[in-house]
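Chemist: Positions -20 to -1, 1 to 140 (mature numbering (1 follows the signal peptide of the UniProt record, and there is no 0)) are the ones given, in order, by the sequence shown.
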Amino acid sequence: MKSLLVAVLALSCAFLYAEATEVKACPSTKSMVPISENTIDISNCVKGPCKLKRKTNVSINQKFTPTEDIKSLTTTVFAQVLSLPLPFIGVDGTSACDYIFAEDGETKLGCPLKAGVPVVYKRSFPVLEIYPKMSLTVHWELQGRGSKSVTCFEVPAKIV
């Protein structure tokens, strides 16, 4: 009986973790991998607006399959507030290669990425206490050479 309870609990946790977050394609960006071919999981958020609690870390897991070889990836991430893009300090403009894993989500791959080989991008970032409580739109993009968009999504969020 005890082992059955543990198994049910483990399956329930796996189901909760596996539920993807609803996001939208970036409106002004044509990405190599369409948003419909991505699976994105933002911690504690199934549907926007995602609540970003100050003094906590938020995790993003994004599964996608590149359609061409990619030598390097850069993270472009900002909050759209009143039509102004405000970069996420410490995340925006950084290499995404250190956060690329095999499809199992455990084996670190890094760059380069191979066409047709599924990968998982796993990143976390702090929601700093100095951030004001407000509503915003998060723009999260991975770019290859020449600022070519590989994947891009947007999700409404609220700093609480």
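Note that CB positions come from ideal geometry on N, CA and C, so glycine has one too.
1) If you reduce the DSSP assignment to three classes, tell me which class R125 lands in.
2) Assuming V118 and K31 make a contact with CB atoms under 8 angstroms, what is their CB distance in whole Å?
3) Can you tell me which of the three DSSP states Y111 falls into?
4) For L108, does the count of other Cβ atoms within 10 angstroms reach 16, so buried, or fall short, so exposed?
5) Check each candidate in S8, P29, K33 and V99 and name the one with the smallest Cα separation from N41.
6) Return the chain-ordered list of same chain residues with a C-beta closer than 6 angstroms to the C-beta of E51, the five sequence neighbours on each side being excluded.
7) If you draw a straight line from the alpha carbon of E(-2) to that of V26, how long is it in whole angstroms?
8) Within its chain, find whatever has a CB closer than 6 angstroms to the CB of A82; leave out the 5 residues flanking it on each side and keep chain order.
9) From the DSSP output, which residues share a beta bridge with residue 142?
10) Leaving out five residues before and five after P112 in sequence, what residues of the same chain have Cβ atoms less than 8 angstroms from its Cβ?
11) Taking all protein chains shown into account, do 16 or more other C-beta atoms lie within 10 angstroms of the C-beta of R125, making it buried, or fewer, making it exposed?
12) Can you give the beta carbon distance from G28 to A137, rounded, assuming they're within the 8 angstroms contact cut?
Modeler: Let's see:
1) helix
2) About 12 angstroms; that fails the 8 angstroms criterion.
3) coil
4) exposed
5) Checking every option, the nearest Cα to that of N41 belongs to V99.
6) Note that residue 51 is Lys in the sequence shown here, rather than Glu. Taken in chain order, the residues that qualify are P92.
7) Our two residues, E(-2) and V26, have alpha carbons roughly 7 angstroms apart in a direct line.
8) Counting only Cβ-Cβ distances below 6 angstroms, and skipping sequence neighbours, we find L89.
9) Because residue 142 is not part of the residues shown, which for the chain are -20 to 140, the question remains open.
10) The residues I139, in chain order, have a CB closer than 8 angstroms to that of P112 in the same chain once the five nearest residues on each side in sequence are set aside.
11) exposed
12) 7 angstroms
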